[in-house]
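Numbering (the working numbering), first residue to last: 174 to 281.
Please read the structure below before turning to the comments.
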């Protein structure tokens with residue numbers, strides 16, 4: 174059974190990003206392994222803004238409908254999206270630091 178979507182608003186906030194318009198930032202220091210939420214999504218028929226691919230072929234696409242969609246691409250990544258639609262910190266994140274996921278070579 175899928176988990177109910179949520180965002181830990183006590184841990185993250187949307188702010189202006191130097192990377193791409195808006196970004197998601199840590200409100201406080203976040204230890205590695207911190208669950209930031211579970212994505213609220215709907216199936217996406219095609220690629221576009223805020224569409225997350227969960228497979229390499231782009232067959233399983235989800236349009237992200239919550240604030241977690243503002244996680245920008247960056248290396249090294251400090252968060253990851255998992256197949257169960259959770260978003261988790263990969264390492265400790267400083268307060269005020271932008272949360273970044275490595276979306277792959279096409280985003281480099």
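Backbone N, C-alpha and C fix where the C-beta goes; we use that ideal spot for every residue, glycine too.
Bear in mind that the values here come from a model prediction, so they are computed numbers and not experimental data.
Pairwise C-alpha distance: residue j and residue i
{"i": "residue 223", "j": "residue 247", "result": "15 Å"}
{"i": "residue 234", "j": "residue 209", "result": "21 Å"}
{"i": "residue 205", "j": "residue 259", "result": "14 Å"}
{"i": "residue 199", "j": "residue 183", "result": "9 Å"}
{"i": "residue 263", "j": "residue 201", "result": "15 Å"}
{"i": "residue 219", "j": "residue 193", "result": "21 Å"}
{"i": "residue 276", "j": "residue 261", "result": "15 Å"}
{"i": "residue 278", "j": "residue 216", "result": "23 Å"}
{"i": "residue 249", "j": "residue 232", "result": "26 Å"}
Whole-angstrom C-beta distance between residue j and residue i, which should lie under 8 Å
{"i": "residue 308", "j": "residue 265", "result": "Nothing can be reported for residue 308: it is not among the residues displayed for the chain, which extend from 174 to 281."}
Chain-order list of residues whose beta-carbon lies under 7 Å from that of residue i (same chain, five-residue window excluded)
{"i": "residue 178", "result": "211, 212, 213 and 239"}
{"i": "residue 190", "result": "196, 245 and 271"}
Candidates the options, of which the one nearest residue i by Cα
{"i": "residue 274", "options": "251, 257 and 259", "result": "251"}
{"i": "residue 195", "options": "217, 267 and 243", "result": "243"}
{"i": "residue 207", "options": "277, 218 and 254", "result": "254"}
{"i": "residue 188", "options": "220, 221, 241 and 217", "result": "241"}
Where residue i falls: helix, strand or coil (DSSP)
{"i": "residue 242", "result": "helix"}
{"i": "residue 278", "result": "helix"}
{"i": "residue 253", "result": "strand"}
{"i": "residue 236", "result": "strand"}
{"i": "residue 282", "result": "Lying before the first or after the last residue shown, residue 282 is absent from the chain, which here runs from 174 to 281."}
{"i": "residue 207", "result": "coil"}
Residues near residue i by beta carbon distance below 6 Å, same chain, minus five either side
{"i": "residue 181", "result": "209 and 210"}
{"i": "residue 268", "result": "199, 201 and 202"}
Own chain, CB closer than 8 Å to residue i, minus 5 neighbours either side, in chain order
{"i": "residue 237", "result": "212, 213, 214, 223, 224 and 225"}
{"i": "residue 176", "result": "211, 257, 258 and 259"}
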